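Per our numbering, the sequence shown runs over residues 993 to 1108.
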Amino acid sequence: MNDQFEMLETVSREFWKRIWSNCERIFQREDFEKVLKASGITNGSEYIDQIDSEFAVDQLKKNTDAAMDTGAFGAPWIVVHKDGEEHTFFGSDRLHLIAHLIGEKFTDGLIQYSKL
């Protein structure tokens, strides 16, 4: 299971770099193939072929419905469950608020650029 989490982090980082650093697309099959290859995944077609599967489509609908039920209106939409309560946050510049909520220290060199 740990390998799956490491793979998720690596692939997510490659998607992020492709979008935000390289200003490249992530919408076509070839885009996914490039991301998986950059992530060191050699059997990427196996994963890409599952995108249109009934399971994937149903899971996407389920996750979208769950996000909408919490009031999501954009991304990133973050839901934190703390002490039996649900807290929602919109935007990656809210990480310091999430850290405060869960009792963690937040140190980020970019906090001075926050719009708060």
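Positions of the beta carbon are idealized from the N, C-alpha and C atoms, including for glycine.
Computed from a predicted model, the values in this text were never measured in an experiment.
Whole-angstrom distance between residue j and residue i, CA atom to CA atom
{"i": "Q1104", "j": "A1048", "result": "39 Å"}
{"i": "K1054", "j": "S1013", "result": "31 Å"}
{"i": "M999", "j": "R1010", "result": "16 Å"}
{"i": "L1089", "j": "N1035", "result": "39 Å"}
{"i": "E1093", "j": "L1087", "result": "Looking at the sequence provided, one finds Leu at residue 1093 rather than Glu. In a straight line, the C-alpha of L1093 is about 10 Å away from that of L1087."}
Three-state secondary structure (DSSP) of residue i
{"i": "F1016", "result": "Strictly speaking, residue 1016 in this sequence is Glu, with Phe absent from that position. Residue state, collapsed to three classes: coil."}
{"i": "F970", "result": "Because the chain spans 993 through 1108 in this model, residue 970 falls outside it and cannot be assessed."}
{"i": "T1002", "result": "helix"}
{"i": "T1056", "result": "helix"}
{"i": "K1097", "result": "coil"}
{"i": "F1065", "result": "coil"}
{"i": "I1090", "result": "helix"}
{"i": "I1070", "result": "strand"}
Outcome for residue i when other beta-carbon atoms lying within 10 angstroms are tallied against a minimum of 16
{"i": "V1003", "result": "buried"}
{"i": "F1024", "result": "buried"}
{"i": "V1072", "result": "exposed"}
{"i": "E1006", "result": "buried"}
{"i": "G1063", "result": "exposed"}
{"i": "G1095", "result": "exposed"}
{"i": "L1052", "result": "exposed"}
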